[in-house]
Amino acid sequence: MNKNYKAIFFDWDGTAVVSRTAPTDKVLRLMVKLLENEVKLVIISGTSYENIAGGKLHKLIDKKLLKNLYLGLGRGSFNYGFDEMGNLKILGGVLPKKEEVIKIHEVCFKLHKYLLSEYNYETDIVFSRPNYCKIDLLVGFDRQGKLFLQPEEIDMVTQRLKFYGYKKGIKGLMDYTSEIGKTAGIDVMVTTDAKYLEVGMSTKGDNVDSLLEEVILSKAIKIEDCCFWGDEFTYFGEGVQGSDAYMITDKSRKGDFFDVSEAPLGLPPEVKAVGGSVNGFLNFLEKEGK
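The working numbering puts the first residue of the sequence shown at 5, with every later residue one more than the last.
In structure tokens:
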């Protein structure tokens, strides 16, 4: 595994940190060592910049090193780099037009209305994301700051849906949401981490492809010298892949992929199970930095 990679792509929640309130000293120290060695680090996360080390990366890392740090955030919404002064700058991203955002909202509300009217199954919807909505399938379940897949959530969602009479599972909901989108005249990408369905027009794969093209391959770094780390590559069921699996694209496929989740249900053939949760990833960073 210790290969002296030239570019490391990695998820944040559940891979680099246990929770958004957990200390980031160790991961930042290891990141700095790699940045000093001219390794390109690319954080690929569904969250916003404010939730990565409290939105202070540009203050916690020497501005001279920030030229080697990039972020792909918000499920394809934004790609970031840093200017010479160490200020965050937008490199691109997938942001739908206002009318497309409204259609995404309508699709999610139609699913909410369908589950409530046909099955008396309650959901909540987060509308405030820049290019997608989150539909909460486990209303009332508190992740206690661990905003990533908890293995027991898969069974919790499946059993709750069955209890209310819906027998097609998470995959059925995803397919039905896609059908609603087509009826509304919009092709939506539906992903899940069990607790949430996420409905929008892009995924982490859009972040990966854009940043590979713009800041990795353009610098004569081969894809074989890149690796990709996450804790949600696992399949939740037949045809239902975790959010990190979307990092596997036609452009990235020849790279190396590693999953640190404790008990993956099944991984894509490109992905190697490492385990160890956050420590599994931090141990890798430490070895790469030597």
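Note that beta-carbon positions come from the ideal geometry of N, C-alpha and C, so glycine has one too.
Just so we're clear, the structure is a prediction, and the values are computed from it rather than from any experiment.
When the options are compared against residue i, the one with the closest alpha-carbon
{"i": "residue 122", "options": "92, 170, 131", "result": "170"}
{"i": "residue 285", "options": "25, 216, 30", "result": "30"}
{"i": "residue 237", "options": "229, 37, 195, 249", "result": "249"}
{"i": "residue 50", "options": "289, 251, 263, 174", "result": "251"}
{"i": "residue 53", "options": "101, 258, 73", "result": "73"}
{"i": "residue 107", "options": "57, 81, 204", "result": "204"}
{"i": "residue 215", "options": "288, 232, 243", "result": "232"}
{"i": "residue 199", "options": "219, 179, 247", "result": "247"}
{"i": "residue 167", "options": "60, 35, 126, 274", "result": "126"}
{"i": "residue 157", "options": "293, 197, 279", "result": "197"}
{"i": "residue 56", "options": "113, 35, 24", "result": "24"}
{"i": "residue 270", "options": "235, 67, 20, 130", "result": "235"}
{"i": "residue 105", "options": "47, 20, 137", "result": "137"}
{"i": "residue 187", "options": "135, 13, 111, 175", "result": "111"}
{"i": "residue 14", "options": "48, 32, 177", "result": "48"}
{"i": "residue 42", "options": "253, 243, 225, 283", "result": "225"}
{"i": "residue 176", "options": "189, 190, 195", "result": "195"}
{"i": "residue 97", "options": "292, 212, 265, 262", "result": "212"}
Rounded Cβ spacing between residue i and residue j (contact assumed at less than 8 Å)
{"i": "residue 184", "j": "residue 115", "result": "6 Å"}
{"i": "residue 79", "j": "residue 255", "result": "So it is not a contact: roughly 18 Å between Cβ atoms."}
{"i": "residue 62", "j": "residue 70", "result": "6 Å"}
{"i": "residue 276", "j": "residue 227", "result": "Not confirmed; about 16 Å, so no contact."}
Exposure label - residue i; buried when at least 16 CB within 10 Å
{"i": "residue 128", "result": "exposed"}
{"i": "residue 163", "result": "exposed"}
{"i": "residue 315", "result": "Absent from the structure is residue 315, since the part of the chain shown begins at 5 and ends at 294."}
{"i": "residue 94", "result": "exposed"}
{"i": "residue 8", "result": "exposed"}
{"i": "residue 89", "result": "exposed"}
{"i": "residue 267", "result": "exposed"}
{"i": "residue 132", "result": "exposed"}
Identified DSSP bridge partners for residue i
{"i": "residue 203", "result": "137, 194"}
{"i": "residue 73", "result": "45"}
{"i": "residue 13", "result": "46, 232"}
{"i": "residue 277", "result": "263"}
{"i": "residue 130", "result": "138"}
{"i": "residue 21", "result": "17"}
Cβ of residue i within 9 Å of any chain C Cβ
{"i": "residue 232", "result": "Absence of chain C from the displayed structure is noted, only one protein chain being present."}
_Complete beta strand (DSSP E) runs within the segment 227–261 (minimum length 3 residues, chain order)_ = 230–234, 239–241
_4-residue-minimum alpha helix (DSSP H) runs that sit fully inside the segment 156–199, ordered along the chain_ = Within the segment 156–199, the complete alpha helix (DSSP H) runs of at least 4 residues are 173–187.
*Length-filtered (3 minimum) beta strand (DSSP E) runs lying within the segment 67–122*: 73–77, 82–86, 92–96
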